[in-house]
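Participant: In terms of the working numbering, the sequence shown opens at residue 1028 and continues consecutively.
Backbone N, C-alpha and C fix where the C-beta goes; we use that ideal spot for every residue, glycine too.
Please read these numbers as outputs of a predicted model, since none were measured by experiment.
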Amino acid sequence: MQQYSTNSTYRYRIGHHYYTSTLIKSYIPHEKLIPKTINHLSANCSTLNIIGEIPLEINVNGIKTAIIADVTTNLVTNLILGSDWIQANNVCILTPEQRIMIRSRGKEVSTPFVKPPLLNYPATLINHITLPPFSGKIVEAKVQPNNMTNVLLEPNPRLKNEALFTVNALLNIENRTIKISIINATNRQQTLSEGTKLGIVTQLSSTIGVTIPSNYLIERILEGKACKELIPEGKGANKSNKLNCNNIPTIASHGKQHQCRKCYQHFDTGNELFKHLRNQCYPEEIRQQINKLTEHISDDKQREQIFKILWKYGNYLTLVNHQKLI
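1) Tell me the rounded alpha-carbon separation between PRO1310 and SER1208.
2) Under 8 Å between the Cβ atoms of GLY1222 and THR1151?
3) Considering only the alpha carbon of each residue, which of LEU1186, LYS1187 and VAL1228 lies closest to LYS1206?
4) Checking the sheet assignment: what are the DSSP bridge partners for ASP1097?
5) How would you call ASP1327, buried or exposed, if buried means at least 16 neighbouring beta carbons within 10 angstroms?
6) Closer than 8 Å is the cut-off here; do at least three beta carbon pairs connect the region 1170-1189 with the region 1122-1133?
7) Could you give the DSSP three-state label for GLY1297: helix, strand or coil?
8) Would you give the residue range spanned by the beta strand (DSSP E) that PRO1149 belongs to?
9) Please classify GLN1217: is it buried, with 16 or more other beta-carbons within 10 angstroms of its beta-carbon, or exposed?
10) Check each candidate in CYS1308, ASN1306, GLN1307 and PHE1334 and name the one with the smallest Cα separation from LYS1319.
11) Taking all protein chains shown into account, do 16 or more other C-beta atoms lie within 10 angstroms of the C-beta of SER1220, making it buried, or fewer, making it exposed?
12) Would a C-beta distance cut-off of 8 Å place ILE1081 and ALA1093 closer than the cut-off?
13) Alpha carbons only, please: which of ASN1188, VAL1194, GLN1171 and GLU1189 is nearest the one belonging to PRO1182?
14) Can you give me the C-alpha to C-alpha distance between SER1162 and ALA1212, rounded to a whole angstrom?
15) To test your reading of the DSSP string, which unbroken beta strand (DSSP E) runs of 3 or more residues are found completely within the region 1102-1134?
16) CB ILE1085 to CB LEU1108, shorter than 8 Å?
17) Would you check if the distance between the CB atom of SER1110 and the CB atom of THR1047 is smaller than 8 Å?
18) Leaving aside the five residues before and after CYS1287 along the sequence, list all residues of the same chain whose C-beta is less than 7 Å from its C-beta, in chain order.
19) Could you say which of GLN1292, VAL1170, ILE1065 and TRP1338 lies nearest to GLU1312 if we only look at CA atoms?
20) Specify, as a first and last residue, the run of the alpha helix (DSSP H) that GLN1315 falls within.
21) Beta-carbon within less than 8 Å of PHE1140's beta-carbon, same chain only, minus the 5 sequence neighbours each way: which residues are those?
22) Give me, in chain order, the residues of the same chain whose beta-carbon lies closer than 6 Å to that of LEU1410; leave out the 5 immediate sequence neighbours on both sides.
23) Along the alpha helix (DSSP H) that carries LYS1289, what are the first and last residues, could you check?
24) Within the continuous alpha helix (DSSP H) that includes ASN1188, where are the two ends?
25) Are LEU1075 and LEU1050 touching if we call contact CB-CB under 8 Å?
26) Whose C-alpha, out of LYS1187, LEU1191, ILE1200 and ALA1196, is nearest the C-alpha of LYS1169?
27) Is it right to say GLN1230 is buried, meaning 16 or more other beta carbons lie within 10 angstroms of its own, or is it exposed?
28) Starting from SER1162, trace the beta strand (DSSP E) in both directions and tell me its first and last residue.
29) So what does ILE1065 bridge to, in DSSP terms?
30) Just to confirm my understanding: we take HIS1285, look at its own chain, exclude 5 residues before and 5 after, and list those with CB closer than 8 Å. What are they?
31) Can you tell me whether ILE1065 is buried or exposed, with buried defined as 16 or more other CB within 10 angstroms of its CB?
32) Nearest-angstrom Cα distance between LEU1191 and HIS1323?
33) For the candidate residues ASN1101, LYS1164, GLY1226 and ASN1088, whose alpha-carbon lies nearest to that of ASN1147?
34) Return helix, strand or coil for ILE1227, following the three-state DSSP convention.
So this is what it looks like as C-alpha cells:
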C-alpha cells in the first residue's frame, strides 16, 4: 500500500467540492497498480486521463486512513484527496479554524491548512515608451524574482481605462525580463513612463491553472459602444481625447463585419470568413508558425483543437512570434 503523510508540505490537496474521487499522479512510484481506462471531468471541464487505481494509506498525525485512488497522467498536483476519502474516514473540514480534524477509535487529531507562498509579482516597464495612435508595440517588463522560468501574466486593469490593451498570456522569463505586446486603441498618442505597472505575473505551480479577470463580462467590447465603455468620464478623463468610433477600422458596420482584409471578399457569417482565411488569405509566415507550434502534439484531437484556436487568432502571432509558447 502506498503511504503518504500530511507532514510532507505540498504533497496533497483536498478537493471535496469538486472531486468525488481521490486522484494521484502517475509519475509518483506506485505499488499494486490495477489497470483501468476511464475519463474524469475536472472542475474546469478538462478531461483527466485515468490509467488505473491503487490503494493508498494517508497518515494524518498518527491516524492512518485508507482509500483507493485513481491514477491519472495529467493531474496538476501530486495528489488530490476527494470526497470519497473525506466521507470514508469521517474527516471534518473546519474552514473558519483553517484545519481538518479526524476522529478514530476515541482518538482525535487535527492538522492546519498550509498557506501557499506568495505567487504574484508585479511586472513593470523597463523603458519609457510612446505609442502612436492605433498601434502596437512589443515592450520589455521587469520581474523581481529570479527563480522563475514561466509565468502567467494578468494585465493591469488601469491600462484598460486608457484603452491600452495587453492580453492574459503564458510567458517565458529571461534575465528577469518578459516581453509583452501592448496596443494603443485610441486616436491619440500615449506615453508610459519607466516603472509603469503593466500587470501581475503568477508563478506557475500545482495550484494554478488559469487566470480569469473577475469582471470579464463587463470588459467585453460591444459593437458601437467601444468608445463609451473603454474611456470613462469623470476624474482623469479627457473628453476631447475620446475615441471616435467612426475612425476605428475594426469596429465596422454589420455589412462589413465579415470581409476579408486582403482580398476584400464578403461573407455571410464569421465561420465562412474564418474558413476562407485559413484556406487562402493568411500569410505563409503564420501558417509556418502554427505548424511549428503544434508539431510536438501527438494526439490528433488535441492538435486539431489547438489548430482552431491558433487559426482564429492567427494575426496576433505576428506580434508574439519571438515568444516561447509552452
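Facilitator: Looking at the atomic coordinates:
1) In the sequence shown, the residue the question calls residue 1310 occupies position 283. In the sequence shown, the residue the question calls residue 1208 occupies position 181. Each residue's Cα considered, the two are about 20 Å apart.
2) To locate residue 1222, count along the sequence shown from 1; it is residue 195. To locate residue 1151, count along the sequence shown from 1; it is residue 124. At the C-beta level, GLY1222 and THR1151 come within 8 Å of one another.
3) On the sequence shown, position 179 is the one that residue 1206 refers to. When LEU1186, LYS1187 and VAL1228 are compared, the shortest CA-CA separation from LYS1206 is found for VAL1228.
4) If you number the sequence shown from 1, residue 1097 lands on position 70. DSSP lists LEU1050 and GLU1080 as the bridge partner or partners of ASP1097.
5) Counted from its first residue, the sequence shown places residue 1327 at position 300. Of the residues assessed, ASP1327 falls on the exposed side of the cut-off, its CB having fewer than 16 other CB atoms within 10 angstroms.
6) Output reads no: the region 1122-1133 does not touch the region 1170-1189.
7) Here residue 1297 refers to the residue found at position 270 of the sequence shown. Three-state DSSP puts GLY1297 in a helix.
8) Counting from 1 along the sequence shown, the entry for residue 1149 is found at position 122. First-last of the beta strand (DSSP E) with PRO1149: 1147-1152.
9) Stepping through the sequence shown from its first residue, residue 1217 is reached at position 190. It is buried - the Cβ of GLN1217 has at least 16 other Cβ atoms within 10 Å.
10) As a first step, residue 1319 is located in the sequence shown; it is residue number 292 there, counting from the start. Closest by alpha carbon: PHE1334.
11) Residue numbering aside, residue 1220 sits at position 193 when the sequence shown is read from its first letter. With fewer than 16 other beta carbons inside 10 angstroms of its own, SER1220 counts as exposed.
12) Start at 1 with the first residue of the sequence shown, and residue 1081 comes out as number 54. Start at 1 with the first residue of the sequence shown, and residue 1093 comes out as number 66. One thing to note: ILE1081 has its Cβ no nearer than 8 Å to the Cβ of ALA1093.
13) Residue numbering aside, residue 1182 sits at position 155 when the sequence shown is read from its first letter. Comparing Cα-Cα distances from PRO1182 to each of ASN1188, VAL1194, GLN1171 and GLU1189, the minimum goes to VAL1194.
14) As a first step, residue 1162 must be located in the sequence shown, where it is residue number 135. As a first step, residue 1212 must be located in the sequence shown, where it is residue number 185. Cα-Cα distance, rounded: 7 Å.
15) Whole beta strand (DSSP E) segments, 3+ residues: 1106-1108, 1118-1121 and 1126-1131.
16) Position 58 of the sequence shown, counting from 1, holds the residue named residue 1085. Position 81 of the sequence shown, counting from 1, holds the residue named residue 1108. Yes; because the gap between Cβ atoms is below 8 Å, this pair is in contact.
17) By one-based count along the sequence shown, residue 1110 stands at place 83. By one-based count along the sequence shown, residue 1047 stands at place 20. Result yes, Cβ atoms of SER1110 and THR1047 sit closer than 8 Å.
18) Walking along the sequence shown from the start, residue 1287 turns up at place 260. The residues are LEU1300, HIS1303, LEU1304 and CYS1308.
19) Position 285 of the sequence shown, counting from 1, holds the residue named residue 1312. Nearest C-alpha to GLU1312: TRP1338.
20) In the sequence shown, counting from the first residue as 1, residue 1315 sits at position 288. Its alpha helix (DSSP H) spans residues 1311-1321.
21) Here the question's residue 1140 lines up with position 113 in the sequence shown. Counting only Cβ-Cβ distances below 8 Å, and skipping sequence neighbours, we find GLN1125, ARG1126 and ILE1127.
22) What is shown of the chain runs 1028 to 1353, which leaves residue 1410 out entirely.
23) Taking the first residue of the sequence shown as 1, we reach residue 1289 at position 262. Unbroken run through LYS1289: none, as it is neither H nor E.
24) Here residue 1188 refers to the residue found at position 161 when the sequence shown is read from its first residue. Per DSSP, ASN1188 belongs to the alpha helix (DSSP H) from 1184-1188.
25) Numbered from its first residue, the sequence shown carries residue 1075 at position 48. Numbered from its first residue, the sequence shown carries residue 1050 at position 23. Yes, these two residues count as a Cβ contact at 8 Å.
26) Within the sequence shown, the letter at position 142 stands for residue 1169. Checked all of LYS1187, LEU1191, ILE1200 and ALA1196; the closest Cα to LYS1169 is ILE1200.
27) The residue given as residue 1230 occupies position 203 in the sequence shown. GLN1230 comes out buried.
28) Position 135 of the sequence shown, counted from the start, is the residue given in the question as residue 1162. Run containing SER1162: 1162-1170, per the beta strand (DSSP E) assignment.
29) Numbered from 1 along the sequence shown, position 38 holds the residue referred to as residue 1065. Partner residues in the beta bridge of ILE1065, as assigned by DSSP, are ILE1077.
30) Position 258 of the sequence shown holds residue 1285. Within the same chain, HIS1285 has close Cβ partners HIS1293, PHE1294, ASP1295, THR1296, GLY1297, GLU1299 and LEU1300.
31) In the sequence shown, counting from the first residue as 1, residue 1065 sits at position 38. That one is exposed.
32) Counting from 1 along the sequence shown, the entry for residue 1191 is found at position 164. Counting from 1 along the sequence shown, the entry for residue 1323 is found at position 296. When rounded, the distance between both Cα atoms is 34 Å.
33) Here residue 1147 corresponds to residue number 120 of the sequence shown, with the count starting at 1. Of the candidates ASN1101, LYS1164, GLY1226 and ASN1088, the one whose C-alpha sits nearest the C-alpha of ASN1147 is GLY1226.
34) Start at 1 with the first residue of the sequence shown, and residue 1227 comes out as number 200. In this structure, DSSP gives ILE1227 an extended state, which the three-state scheme calls strand.
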